[in-house]
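Peer 1: Heads up, the sequence shown is in the working numbering, so the first residue is 24 and it goes up one at a time. Even glycine gets a Cβ: it sits at the ideal position worked out from N, Cα and C. Computed from a predicted model, the values in this text were never measured in an experiment.
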Amino acid sequence: MKLCFLIYSWFPYGGQQRDFLRVVDESVRRGHTVHIYAMKWQGERPEGVTITMVPVTAISRHGLYQRFTKWVQEAIEADPVDAVIGFNKMPGLDIYFAADPCFAEKALNQRGLYYRFMPRYKHFAEYEHAVFGTASKTQVLILSPLQRLQFSKHYPGCEARMHDIPPGISPDRRAPDNAAEIRVGFRKEIRNEFSLHEQQYVVVQIGSGFVIKGVDRSLRAIAALPAEIRDRATYILVGQDKPHRFQRLAAKLGITRNCIFAGGRDDIPRFLLGADLLLHPAYSESAGYVLLEATIAGLPVLTTDTCGYAFHVETAGSGQVCTSPFAQSDLNQRLARMLTSEQASQWRANGVKYGQEADLYSMPETAVDLIEKFTVSEMREVASGSVLAR
């Protein structure tokens, strides 16, 4: 089959981007011809695929996306494919991999009324409706029960087109048999690298997109720790984004000395095994792979129920989940208790066990199975004359 994959931007440190690459790699492994259209690509390019960088510019982000869509649609008309798979919502998709949360839900709960009168809102609402609206035939691969609940709420009738897929966690994130020994070594390495005392609590947050990941919430929780705990706590933010506004917030809160902005890193397993706690109070997230990566590595997790994969933390018993509506005081209290809790060893053991028993690794295979199924079905309908050929 000739498959076309669309993504606005690819870089090494995003969950959406890692999913994209895993599905592309699995498609190539099965012998499919893969053509990728993107506007930005940072890092190594996968082998065995054709990548076209779409040469569009615009003043606004939504204007850029509209020009991207138009350009790609014209390119596909000139060079037809068997299926168009998008990792961003847009018109014209055969299959959408739901890497982003429900926009309608976010606009309702996280934006003021004025936002609905802005061109930006109109664009993203229309693009989401193009995928989930009643006139759409786009098949959707969803990552969590939270997504199913929110999309069904805002787009009644789309339920039959949503298909659950398991997580695609890399098996190398699992705690190895000698995890206890490795943890001691990584714990020491991290503390040496950042000049920390052996008894320092290391709270790590991992992910790009600092605003939506709730970095502001994390900083306020660190600042609210009782003095005797805060003096021993170091917050390390690992991820690729602009840190300046959050560095200013840390200074305003008086916790600059407690915070390390480490940038994007390739040694994530070292942090998962060497830190004391993963803090991830995101405002909204379709999945949140790092919650599972921490869980199966044996790192206790503190997160929010607005993350799609928060239910895994609860199921595994690998940490705590702040419930909605979010309260900063709740996060503050939970963080202080978790850092000093004797339950930490149990959270670690529960997470490691969950990683050994649950299906958390087969997303690429399942996703491509479904892509093949939907594409073959459409090709048969085209052959029978029941739908128009692309």
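So for L325, helix, strand or coil by DSSP?
Peer 2: Strand at L325.
Peer 1: Below 8 Å, can you find three or more Cβ-Cβ pairs linking the region 303-317 to the region 223-241?
Peer 2: Output reads yes: the region 223-241 touches the region 303-317.
Peer 1: Which class does D187 belong to by DSSP, given the choice of helix, strand or coil?
Peer 2: Strand, per DSSP.
Peer 1: What residue range is occupied by the uninterrupted alpha helix (DSSP H) comprising Q270?
Peer 2: Segment 267-276, the alpha helix (DSSP H) holding Q270.
Peer 1: Using a Cβ distance threshold of 8 Å, determine whether the region 333-346 contacts the region 369-379, with at least three qualifying pairs required.
Peer 2: Enough Cβ pairs lie closer than 8 Å, so yes.
Peer 1: Starting from the C-beta of Q40, find all residues in its chain whose C-beta is less than 7 Å away, skip the five residues before and the five after it, and write them out in chain order.
Peer 2: Closer than 7 Å at Cβ, skipping near neighbours: W33, F34.
Peer 1: Which residue's Cα is closest to the Cα of M185: E100, S159, P194, F209?
Peer 2: Considering only alpha carbons, the answer is S159.
Peer 1: Can you tell me whether R403 is helix, strand or coil according to DSSP?
Peer 2: Looking at R403 - three-state DSSP - the assignment turns out to be helix.
Peer 1: When burial is assigned at 16 or more other CB atoms within 10 Å of the CB, is D195 buried or exposed?
Peer 2: It counts as exposed.
Peer 1: Going along the chain, which residues of its own chain have a beta-carbon closer than 6 Å to the beta-carbon of A198, five neighbours each way excluded?
Peer 2: So the list reads A320, G321, V375, once near-sequence residues are dropped.
Peer 1: I think D382 touches P189, with their Cβ atoms under 8 Å apart; what is that distance to the nearest whole Å?
Peer 2: Right, the Cβ-Cβ distance comes to about 5 Å (below 8 Å), so this counts as a contact.
Peer 1: Identify which residue in E401, E404, A390 has its Cα closest to the Cα of E49.
Peer 2: The candidate whose alpha carbon is nearest that of E49 is A390.
Peer 1: For the region 318-391, list the alpha helix (DSSP H) runs that are entirely contained and at least 4 residues long, ordered along the chain.
Peer 2: DSSP runs (the alpha helix (DSSP H)) wholly in the region 318-391: 333-339, 351-363, 367-380.
Peer 1: Assuming D117 and F397 are in contact, meaning their beta carbons sit under 8 Å apart, how far apart are those beta carbons, in whole angstroms?
Peer 2: Confirmed, about 7 Å.
Peer 1: In terms of residues, what are the limits of the beta strand (DSSP E) holding K236?
Peer 2: Unbroken run through K236: none, as it is neither H nor E.
Peer 1: Give, in chain order, every unbroken run of the beta strand (DSSP E) that is at least 3 residues long and sits entirely within the region 24-87.
Peer 2: Runs of the beta strand (DSSP E) inside the region 24-87: 25-29, 56-61, 73-76.
Peer 1: Pick from L219, V227, Y119: whose alpha carbon is nearest that of R255?
Peer 2: Looking at the Cα atoms, L219 is the closest of the given residues.
Peer 1: Please go through the same chain and pick out, in chain order, the residues whose beta-carbon is closer than 6 Å to the beta-carbon of K112, but skip the five residues on each side of it.
Peer 2: Only Y150, E151, V154 meet the Cβ criterion.
Peer 1: Can you check whether the CB of I205 is closer than 8 Å to the CB of L21?
Peer 2: Only positions 24 to 413 of the chain appear in the structure, and residue 21 is not among them; the question remains open.
Peer 1: Grouping DSSP H, G and I as helix and E and B as strand, with all else coil, what is L166?
Peer 2: Coil.
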